[in-house]
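Heads up: the structure comes next, in structure tokens.
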Amino acid sequence: MLVLKPVKTPCVGICSTGIGDSVCRGCKRFGHEVIHWNAYTHEQRLLIAQRLENFLAQIVQNMIHINDEKLLLAQIKHQQIQFKAEQNPYCWVFDLLRAGASQIQDLSHYGLHLHPQWIGTPLTVIRDNIDKDFYALSCAHYERYISPCFITAETLEQHE
23 MLVLKPVKTP CVGICSTGIG DSVCRGCKRF GHEVIHWNAY THEQRLLIAQ RLENFLAQIV
83 QNMIHINDEK LLLAQIKHQQ IQFKAEQNPY CWVFDLLRAG ASQIQDLSHY GLHLHPQWIG
143 TPLTVIRDNI DKDFYALSCA HYERYISPCF ITAETLEQHE
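And the structure:
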């Protein structure tokens with residue numbers, strides 16, 4: 023019998039969908055995904071988690087490069103930073119920055135380096151820019167692919 027590892031909720035405890043945002047500023051899920059998360063199948067949850075992981079990894083890669091993944095992993099474990107080992111290592115970088123951007127002096131100790139255009143930028147600013155870009159990418163995806171064709175049961179009832 024195949025046992026699937028459950029997909030944990032991406033919720034980070036900072037939800038903005040309750041104040042009317044279509045995309046949560048905390049976890050970057052769409053409002054309907056936040057509302058219906060508990061009713062979703064494993065496959066549906068996995069698709070959402072994969073989209074979020076891919077978006078975040080793409081954003082981080084635009085600013086930071088991993089030189090040594092093993093060193094990054096060792097440091098994250100040594101620093102006892104919460105992260106998901108099954109995720110793309112670029113997601114680990116964001117977990118690292120969320121936990122300690124203000125305390126990191128030298129990214130090379132973590133097997134990382136900044137892309138040239140970001141050299142000299144404080145890591146707290148880079149962390150905040152990653153979060154803003156992650157949100158913007160999620161919003162753009164929602165507006166382009168979900169919002170124009172998103173139909174709810176309520177919408178169907180109104181048209182009957």
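Numbering (the working numbering), first residue to last: 23 to 182. Each residue gets a CB set at the ideal place from its N, CA and C atoms; glycine is no exception. Bear in mind that the values here come from a model prediction, so they are computed numbers and not experimental data.
Within 9 Å, strictly: CB atoms of residue i and residue j
| i | j | result |
| --- | --- | --- |
| Q112 | A79 | As written in the sequence, residue 112 is Tyr, which differs from the Gln given in the question. In contact: Y112 and A79 (Cβ atoms closer than 9 Å). |
| L95 | A107 | yes |
| G35 | V45 | no |
| Q81 | P32 | The amino acid occupying residue 81 in the given sequence is Ile; Gln does not appear at that position. Cβ distance not < 9 Å, so I81 and P32 don't count as in contact. |
Where the alpha helix (DSSP H) through residue i begins and ends
| i | result |
| --- | --- |
| I70 | 64-83 |
| I41 | I41 -> no alpha helix (DSSP H), and no H or E assigned at all. |
| G53 | 53-58 |
| Q97 | 91-100 |
Own chain residues within Cβ distance below 8 Å of residue i, not counting five before or after
| i | result |
| --- | --- |
| I57 | T39 |
| H137 | N84, M85, I86, H87 |
| H163 | R73, F77 |
| Q101 | L118, A121, G122 |
| H135 | I86, H87, N89, L129 |
For residue j and residue i, believed in contact at Cβ under 8 Å, the rounded distance
| i | j | result |
| --- | --- | --- |
| K50 | F156 | 6 Å |
| D90 | G122 | In fact, because the Cβ distance is near 18 Å, the residues do not count as touching under 8 Å. |
| L118 | I98 | 6 Å |
Residues of its chain near residue i, where Cβ-Cβ distance is below 6 Å and the 5 sequence neighbours each way are ignored
| i | result |
| --- | --- |
| H181 | Low per-residue confidence applies at H181: pLDDT is 48, beneath 50, and the placement is therefore not dependable enough to give any value. |
| S124 | T146 |
| I126 | L145 |
Residue i - containing beta strand (DSSP E), residue span
| i | result |
| --- | --- |
| I86 | 86-88 |
Neighbourhood of residue i by C-beta, 7 Å cutoff - its chain only, sequence neighbours within 5 removed
| i | result |
| --- | --- |
| E75 | Q109, N110, C113 |
With a floor of 4 residues, list each alpha helix (DSSP H) that falls wholly inside the region 110-152, ordered by position along the chain. 111-122
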